[in-house]
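Remarks on the structure that follows.
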Amino acid sequence: MFSELLKEKFHKSQHFDYSSGVPLLAGIEKPGIGGELLLGQRIKPKSSVYPRAATGGLPSWVAFDKQALCFEAYFQETVPDAPNRIRKCKIYFYLEDDTIQVVEPEYKNSGIPQGTLIRRQRIPLPPPRQEQFYNVFHFNLNQQVALFGHAFTVTNCDQFTRNFLAKCGMILNDPVAVPEDPYRSLREKMEKSLSPLRPYERRDTLKQFLDHDCKVLRFFCFWDDTQAMYGDLRELVLHYFLADDTIEIREVIPPNSGRVTASKFLRRSKLPKHASNLSNLPGEVTNRTVLNVLASTRQGDRFILDSLKTGAIQEEFYKDCDLTVGGELNVWGRKVIIADCDDFTKDYYRSKYGIEDFSPVQYKSPIASKPPRLVPPYNGFGSEEDSLSSCQRLLPKPPQKDLNKFMEYDRCGLESNVLKFYAKMVTTSQVDSDREFIISFYLSDDTISVFERSQKNSGVLGGMFLARGRVKKPGQELFKSEPSVYFTAQDSYVGATLCLNNRLFQLLDADEYTLNYLEQHAEQFPKANVGTILATLRSIPEEKQREIRNFLTLNDPTNTGFVTFESFRGLLMGTECGLSEHEVLVLGRSFSKHQQPEVDIGLMLAVAQDVLKKKDFDQIPDMTRAFEQHDLTKTGRTSIKEATTICRTFQLPLPDNLLTCLLRKFADGGQIDYHAFLAGINWLEHPAPPVMPDDILKFEVNLRHDASGVKNINYSSLVQQAFPGVSNAVDPESAASA
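Residue numbers (my numbering): 6 to 743.
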């Protein structure tokens, strides 16, 4: 009574609810008023919690989805006036929700309802703990489990169950044997004592079919039929089907042989070893032999299967063990010799029979070489490829281009795949010798174009000197049958002389992209391979090696280990080392720190404004709105990739190298301040001072007119790699001669 005065909670738990419009009791386990237990009510313990090592920290319904433990068990059933019956079953425990299912295997003619004894559900423990349910820790070997009043004895479990219980920390008992069931033993004894009235024959070929289905051995054979009139050597292909030991033979009919193509030389069937010319009577070759045990006109005929097969003809058929390379087969009177087999057949015999010798049988005469097909000489109409295609087929087709090469070396972003060289014309004319040319070699289709740079007061108009196209090498006959040889990328290097349409051009320099591309693909361009160049230096005589080393040492009086590139180039070009101008340049770039000269940001902005002013580009406000639209965070910055895309979208008329340099100048940590970039190129609001034409040309054609990027050469490292066996002492005589 006094306890009710001190009570502060008087709420009542909700015990009823509606589900799909049906009233039901939902709170049978909820407490009463004030959270106090009702009369006879107990707190339901929580379900079993698996160890963290078994669940990996996940809920059980996630970690153990579609996983179940399997226990083997039995229970005894009392039979009136007979010994107890032992019934085997399996107990499945589903880990995701602690449900249990009991299944009894079905036996033929048992007379007992078998199958699922207890459907899948949670099973409560026997009284007095009926408020709890079975979990995984209630199961162990060699113990009884009471499921709905039936005592099941657990005898064994599978390997997955053993591993799982071991992870949970349980120690399993030893498995026990199932007691012998007297009734089942009696049934088995009765079945063995019974003999069937009709002796059925059973040939189980299902296993062979399942193991070797779609597996076929292939042999290459021949049948020598030259002794017959108009006979010749017949080529055959034998297929042996491992699924049912049948053989199929197909004939290989060469073209223009005069024979009609047949579907099969031998249809798929079992091939007997000793085939007779006489055909068997009906019933002689059968799977079963039938005996007539009673022949009566009044009672009719009575037949029975003969288990002894009296009078049956036994034939021996070819098996896979009878087929070997070099062996003979009797194909219904024809002598077929196995000459060779395929790789799968070799692997099969190697693994099954341990045969290693598969030497083929030579039965063919060597194939005579085909006479060459002479091509008529080029007639001068169209290109050589067009004329050749008209000779190859009646209806000419256009010549095919190398599409794979075009897709691989086509322009992709900043990778132009175009080699550019600075060249001059080799001529005795003073006017032509001062002309400057840009020779571009396109790797996608091996075409060449020549562009002439305009010069003030030269009297020569600049522009396109040679349109893009393939150029033939000089010294070739015009009207000939052989295809002409064209210039390739390997013919273009610094110092080379090219004859383009009867004009000689000497390549004096190349841009940075070309030099980097040649060095990165040194396996295709030997002139840019540093290893090949060093090997050439090692092959020169030792006296010249010592002379080069002494000269380099004397040109470094302070012993810094560096010499200028001009002195290094003059030494190698003056000494007969067998190196070209490009090889010397590559050697200098490899043993020096190549520095690209820095360009003033003000000069780049002035050049950009000059280009935009000449193109009358006035879309700066539109570009500003586009940048602000892409800037979702409103930070005033964007990535280089997005900025390049926006500039390409508005077709900003700036050279690629100038635009790339400007974006990098305004970038900080990969992000561009687009407000500063647009303000710098805005020639209407922020005009820059005028620039000279040479400054504009510097960005339009990115060529190095000298080796300014290569200043000092680390000759000490070069000498150690090129001349490792030459002594370091300086020879006075050789030094004086140098």
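Even for Gly, the Cβ is constructed at its ideal location relative to N, Cα and C.
Between the CA atoms of Ala527 and Gln600 - distance to the nearest angstrom: Here the question's residue 600 lines up with position 595 in the sequence shown. Here the question's residue 527 lines up with position 522 in the sequence shown. Note on Gln600: pLDDT 49, under 50, position unreliable in the model; the coordinate value appears next. Taking the straight line joining both Cα atoms gives about 21 Å.
message: So, at 8 Å on beta carbons, what are the nonlocal neighbours of Pro343 in its own chain, with the 5 sequence-adjacent residues on each side left out?
response: Residue numbering aside, residue 343 sits at position 338 when the sequence shown is read from its first letter. Correcting the residue identity first, residue 343 is Ile in this sequence and not Pro. Here the set comprises Phe224, Phe225, Cys226, Leu243, Leu328, Thr329, Val330, Gly331, Gly332, Glu333, Leu334 and Val366.
- request: Quick one: grab the DSSP three-state call for Leu723.
  value: Within the sequence shown, residue 723 is the residue found at index 718, counting from 1. Residue state, collapsed to three classes: helix.
- request: Out of Leu523, Gln676 and Ser644, state which residue places its alpha-carbon closest to the alpha-carbon of His587.
  value: Translated into the one-based positions of the sequence shown, residue 587 becomes position 582. Looking at the Cα atoms, Leu523 is the closest of the given residues.
- prompt: How many angstroms separate the CA atom of Gln81 from the CA atom of Ala156?
  reply: Within the sequence shown, the letter at position 76 stands for residue 81. Within the sequence shown, the letter at position 151 stands for residue 156. A direct Cα-to-Cα measurement between Gln81 and Ala156 gives close to 8 Å.
task: Buried or exposed for Lys402, please, with buried defined as at least 16 other CB atoms from any protein chain shown within 10 angstroms of its CB.
output: Position 397 of the sequence shown, counted from the start, is the residue given in the question as residue 402. By the neighbour-count rule (16 or more Cβ atoms within 10 Å), Lys402 is not buried but exposed.
task: Return the CA-CA distance between Lys269 and Glu256, expressed in angstroms with no decimal places.
output: Here residue 269 refers to the residue found at position 264 when the sequence shown is read from its first residue. Here residue 256 refers to the residue found at position 251 when the sequence shown is read from its first residue. Lys269 and Glu256: Cα-Cα distance of roughly 7 Å.
query: Shortest alpha-carbon distance to Leu689 belongs to which of Ser722, Gln634, Ile625 and Arg355?
result: Mapped onto the sequence shown, residue 689 falls at position 684. Nearest C-alpha to Leu689: Ile625.
query: CA-CA distance, Ala684 and His691?
result: To locate residue 684, count along the sequence shown from 1; it is residue 679. To locate residue 691, count along the sequence shown from 1; it is residue 686. If you take the alpha carbons of Ala684 and His691, they lie about 7 Å apart.
query: Closest to Val499 by CA distance: which of Cys162, Gln106 and Ile443 is it?
result: If you number the sequence shown from 1, residue 499 lands on position 494. Measuring from the Cα of Val499, the nearest candidate turns out to be Ile443.
Simplified DSSP state of Gln19, which is helix, strand or coil: Taking the first residue of the sequence shown as 1, we reach residue 19 at position 14. Gln19: coil per DSSP, three-state reduction.
- prompt: Cα separation between Asp237 and Glu413?
  reply: Residue mapping note: residue 237 aligns to position 232 of the sequence shown, counting from 1. Residue mapping note: residue 413 aligns to position 408 of the sequence shown, counting from 1. Whole-angstrom Cα-Cα distance: 52 Å.
field: Length of the line joining the Cα atoms of Ala740 and Leu557
entry: In the sequence shown, counting from the first residue as 1, residue 740 sits at position 735. In the sequence shown, counting from the first residue as 1, residue 557 sits at position 552. With a pLDDT of 41 at Ala740, under the threshold of 50, the predicted position of this residue should be treated as unreliable, and no value is reported.
- request: Would you give the residue range spanned by the beta strand (DSSP E) that Lys618 belongs to?
  value: Here residue 618 refers to the residue found at position 613 when the sequence shown is read from its first residue. Taken as a continuous stretch (DSSP letters only), Lys618 belongs to no beta strand (DSSP E), being part of the alpha helix (DSSP H) at Ile606 to Lys620.
field: Where Gln614 falls, given that 16 or more other Cβ within 10 Å makes a residue buried
entry: As a first step, residue 614 must be located in the sequence shown, where it is residue number 609. Its Cβ being crowded by 16 or more others within 10 Å, Gln614 is buried.
field: Residue of Tyr79, Ile91 and Lys197 minimising C-alpha distance to Leu146
entry: On the sequence shown, residue 146 is found 141 positions in, with the first residue counted as 1. Closest by alpha carbon: Tyr79.
message: I need the boundaries of the beta strand (DSSP E) containing Thr104, first residue and last residue.
response: Here residue 104 refers to the residue found at position 99 of the sequence shown. That run of the beta strand (DSSP E) goes Thr104 to Glu109.
- request: Specify the secondary structure class of Gln397 as computed by DSSP and reduced to three states.
  value: Here residue 397 is taken as the residue at index 392 of the sequence shown, counted from 1. Gln397: helix per DSSP, three-state reduction.
- prompt: Who are the Cβ neighbours of Asn507 in its own chain at under 8 Å, not counting the five residues just before and after it?
  reply: What you label residue 507 is simply residue 502 of the sequence shown in a count that begins at 1. The answer, listed in chain order, is Pro479.
query: Quick one: complete alpha helix (DSSP H) runs, 4+ long, within the segment 307–391?
result: 348–357
field: Nearest to Leu276 (by Cα), restricted to the options Gly359, Tyr323 and Ser374
entry: For this step, residue 276 is matched to residue 271 along the sequence shown. Minimum Cα distance to Leu276 is reached at Tyr323.
- prompt: Terminal residues of the continuous alpha helix (DSSP H) containing Ile625?
  reply: Mapped onto the sequence shown, residue 625 falls at position 620. Here the alpha helix (DSSP H) through Ile625 covers Ile625 to His635.
- prompt: What is the C-beta distance between Tyr139 and Ile117, in whole angstroms, given that I count them as a contact (C-beta under 8 Å)?
  reply: One-based indexing of the sequence shown puts residue 139 at position 134. One-based indexing of the sequence shown puts residue 117 at position 112. With a Cβ gap of about 26 Å, Tyr139 and Ile117 do not count as contacting.
query: Beta carbon of Asp627, beta carbon of Phe655: below 8 Å?
result: By 1-based counting over the sequence shown, the position of residue 627 is 622. By 1-based counting over the sequence shown, the position of residue 655 is 650. Yes, these two residues count as a Cβ contact at 8 Å.
query: From Leu592, Lys197, Met609 and Val67, pick the residue whose C-alpha is nearest to that of Ala727; which is it?
result: The residue labelled residue 727 in the question sits at position 722 within the sequence shown. Of Leu592, Lys197, Met609 and Val67, the residue nearest in Cα terms is Leu592.
message: I believe Ser392 touches Phe386 by the beta-carbon criterion, under 8 Å. Please report the beta-carbon distance rounded to the nearest angstrom.
response: Residue numbering aside, residue 392 sits at position 387 when the sequence shown is read from its first letter. Residue numbering aside, residue 386 sits at position 381 when the sequence shown is read from its first letter. Correct: roughly 7 Å between the Cβ atoms.
- prompt: In three-state DSSP terms, what is Cys417?
  reply: Walking along the sequence shown from the start, residue 417 turns up at place 412. Looking at Cys417 - three-state DSSP - the assignment turns out to be strand.
Assigned exposure category for Ala182 - 16 Cβ within 10 Å defines buried: As a first step, residue 182 is located in the sequence shown; it is residue number 177 there, counting from the start. So Ala182 counts as exposed.
task: Can you tell me which of Cys75, Phe15 and Lys35 puts its alpha carbon nearest to the alpha carbon of Phe21?
output: Counting from one through the sequence shown, the residue named residue 21 turns up at place 16. For the residues Cys75, Phe15 and Lys35, the minimum Cα distance to Phe21 belongs to Lys35.
field: Cβ contact (3+ pairs, closer than 8 Å) linking the segment 96–105 and the segment 122–133
entry: Contact between the segment 96–105 and the segment 122–133 is present, with at least three C-beta pairs closer than 8 Å.
task: Determine the burial state of Tyr245: buried for a count of at least 16 other Cβ atoms within 10 Å of its Cβ, exposed for fewer.
output: As a working note, residue 245 is residue 240 in the sequence shown. That one is buried.
message: Am I right that Tyr383 and Phe492 are in contact with their C-beta atoms under 8 Å? What's the rounded C-beta distance?
response: Within the sequence shown, the letter at position 378 stands for residue 383. Within the sequence shown, the letter at position 487 stands for residue 492. That pair is no contact at about 19 Å.
message: Taking 8 Å as the limit between beta carbons, can you name the residues of its chain near Asp415, skipping five residues before and five after?
response: For the purposes of this step, residue 415 is identified with residue 410 of the sequence shown, where counting begins at 1. Asn422 and Ser449.
task: Starting from Thr569, follow its DSSP beta bridges and name the residues at the other end.
output: Within the sequence shown, numbered from 1, the residue matching residue 569 stands at position 564. Asn717.
message: Check whether the segment 627–639 and the segment 664–674 are in contact - that is, three or more C-beta pairs closer than 8 Å.
response: Result no; under three Cβ-Cβ pairs closer than 8 Å.
- request: Determine the direct distance from the alpha carbon of Ala87 to that of Ser115, and round the result to whole angstroms.
  value: The residue given as residue 115 occupies position 110 in the sequence shown. The residue given as residue 87 occupies position 82 in the sequence shown. Looking at the two C-alpha atoms, the distance is approximately 16 Å.
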